[in-house]
Amino acid sequence: MLSYLIRRLLLVIPTLFAILLINFVVIQVAPGGPVEQVIAQLQGLATEATARATGGAGGDFAAPSGGGSGAGPQGSYRGSQGLDPAFIAQLEQQFGFDRPLPERFVKMVGDFLTFDFGESYFRQATVIDLIIEKMPVSISLGLWTLLLTYLVAIPLGIAKAVRDGSRFDVWTSTALIIGNAIPGFLFAILLIVVFAGGRYLNWFPLGGLVSDNWDQLSWPERITDYLWHMVLPVVSMTIGSFAGLAMLTKNSFLDQLAQNYVVTARAKGLAERRVLYGHVFRNGMLIVIAGFPAAFIGVLFTGSLLIEIIFNLDGLGLLGFEAITRRDYPIIFASLYIFTLIGLLFGIVNDLMYTLIDPRIDFEKRGG
31 MLSYLIRRLL LVIPTLFAIL LINFVVIQVA PGGPVEQVIA QLQGLATEAT ARATGGAGGD
91 FAAPSGGGSG AGPQGSYRGS QGLDPAFIAQ LEQQFGFDRP LPERFVKMVG DFLTFDFGES
151 YFRQATVIDL IIEKMPVSIS LGLWTLLLTY LVAIPLGIAK AVRDGSRFDV WTSTALIIGN
211 AIPGFLFAIL LIVVFAGGRY LNWFPLGGLV SDNWDQLSWP ERITDYLWHM VLPVVSMTIG
271 SFAGLAMLTK NSFLDQLAQN YVVTARAKGL AERRVLYGHV FRNGMLIVIA GFPAAFIGVL
331 FTGSLLIEII FNLDGLGLLG FEAITRRDYP IIFASLYIFT LIGLLFGIVN DLMYTLIDPR
391 IDFEKRGG
C-alpha cells in the first residue's frame, strides 16, 4: 500500500501541471483580458451587466500614471484607439503581459510551488489573503451541507432498500423527486419569503455569516448566532443534494441484498440487523464513498455560488465568479490550483477509505 500511495502522490505532479497548462493556454488566448477590461472602463465601454456582476470591484483598480488620450495608432486591443500606445504598453507591463507566454507560465508554476499567488489585478490585495478571507464562508456552507446530506441520505437510502416497494418507499421517492426538481436558488428564495421576513415569518436573518454585533457576544451566543445564520442557506443547498445520494445508497444496498453471501448469512440464522450492518453495509457503502471527493469540491467551490449571492455570503464561489468575469487571472489560476490539488489529494484519501471499510481491497495487487 505504501508504494501505491507514493505512486499516486507522484502522479499528482504531472496531473496538476497538465491541468494548469491547458487552462493557462485557454484563458490567455481568450478575448476580453484584463488590459481590455481596463481599456473598456476608461473608454466607458464597460457594460452595465459586467458592472453588476463584479459588484463594483473594478473601482479598486488604479490605472498606471503617465497615460493620456493621445492620437496614437490603433492598438492590438479592442477599444484602444485614441489611447497613448505608451499607456497600453505600461498596462501590459503592470499585468505582466510584456513577457512571452512560456516565461509567464514557468514563473507562475514556480510561484505556485511556494503558494505565492501574487496580487489580484483589481482588488488591491494578495490572492492568498482574499482566499483566506472568503474561505470560512465556503467551508461553512460546504461542510454543513455535506454533513446534513450524508446524515439524511444514507439512513434514508438504507431504509428504502429494506422496505423496497412499500408505501414508505413510494412516498419518499416522490418527495425526493420533487425536492430534486426544485433548484436550490429557487428554494432559497422561497425560504426567504416564508421564514426571513419576506412576507410571512421573520425567524431567520436575511443574509451574512454572523450578526453585526458578533464580536460583542459571548461564545455560546456566538455559536448560536452562527448556526442561526447557517440554517436557511444550508437547507437551500441540501434540499436537492441528498436525492441522488439517497437513491444511490438504496440501489447499492439492493444490489448487495441480492448477493449469495446475504442469503447464506440469513440461512445461518443471523439477525437481519446483523446481516445488514455486519455484512452488507461495508460493501454497499463503497460506491457511496467514491463520490465524496467530487461532492465536497463541487459544494465547496461551485455549488454555493447562487446561494452566496442570494444570502449575501461573500465566499469562494462568488470570488471565483467575479474573477472570471473580470479576467482576474491570479485569482482564477490560484483557485484552479488549490481546488485541483485538494481534489487530487482527496482522491488518494478516498482510496484509503476504501481499504479501511473493506480490507479485502488491495490496490497494490490490482496494479495501482
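Residue numbers (this note's numbering): 31 to 398.
Note that the Cβ used here is the ideal one computed from N, Cα and C, for glycine as well.
Determine the burial state of residue i: buried for a count of at least 16 other Cβ atoms within 10 Å of its Cβ, exposed for fewer.
i, result
"A211", "exposed"
"E352", "buried"
"G140", "exposed"
"R356", "buried"
"K137", "exposed"
"D358", "buried"
"G299", "exposed"
"P360", "buried"
"F152", "buried"
"I162", "exposed"
"A205", "exposed"
"S33", "exposed"
"A325", "buried"
"V55", "exposed"
"S196", "exposed"
For residue i, name the three-state secondary structure that DSSP assigns.
i, result
"D191", "In the sequence as presented, Asp is not what sits at residue 191; that position holds Ala. Helix at A191."
"A116", "helix"
"A226", "strand"
"N232", "strand"
"A79", "Only weak support exists for where A79 lies, its pLDDT of 42 falling under 50; the value from the coordinates is given anyway. Looking at A79 - three-state DSSP - the assignment turns out to be helix."
"F91", "For F91, the predicted model reports a pLDDT of 47, less than 50, meaning its position is unreliable and no value from the coordinates is stated."
With a cut-off of 8 Å on the beta carbons, I'd call residue i and residue j a contact; round off their distance for me.
i, j, result
"L371", "K164", "With 8 Å as the limit, L371 and K164 do not qualify as a contact, their Cβ atoms being about 17 Å apart."
"G237", "F341", "5 Å"
"Q286", "V310", "5 Å"
"D374", "L46", "Checking the displayed sequence, the identity of residue 374 turns out to be Leu instead of Asp. With 8 Å as the limit, L374 and L46 qualify as a contact, their Cβ atoms being about 7 Å apart."
"L173", "A226", "Going by Cβ atoms, the distance from L173 to A226 rounds to 22 Å, so no, they are not a contact pair."
"V200", "E338", "About 36 Å separates the two Cβ atoms, so there is no contact after all."
"I10", "G214", "No statement about residue 10 is possible, as the shown extent of the chain runs from 31 to 398 and does not include it."
Along the alpha helix (DSSP H) that carries residue i, what are the first and last residues, could you check?
i, result
"K137", "L131 to L143"
"P250", "W249 to T268"
"E149", "Per DSSP, E149 belongs to no alpha helix (DSSP H) and is neither H nor E."
"D344", "Premise fails: D344 is in no alpha helix (DSSP H) and is neither H nor E."
"A276", "F272 to L287"
"D199", "R197 to A211"
"A295", "N290 to A297"
"L300", "Counting along the chain, L300 falls outside any alpha helix (DSSP H), and DSSP gives it neither H nor E."
"G237", "Run containing G237: none; DSSP gives neither H nor E here."
Relative to the C-alpha of residue i, which residue among the options is closest?
i, options, result
"A295", "V305, V167, L247 and R252", "V305"
"W421", "I368, F311 and H259", "A query on residue 421 cannot be resolved here, the shown segment of the chain reaching from 31 to 398 and no further."
"Q289", "N313, S33 and Y367", "N313"
"T144", "G308, I368 and L374", "I368"
"I207", "M277, G63 and F135", "M277"
"L10", "S266, P115 and S203", "Because residue 10 is not part of the residues shown, which for the chain are 31 to 398, the question remains open."
"N53", "F363, L178, A301 and L316", "F363"
"L406", "V59, A226, L382 and G214", "Nothing in the structure corresponds to residue 406, since the chain is present only between 31 and 398."
"F272", "A189, T175 and Y384", "T175"
"E302", "R197, G377 and I188", "I188"
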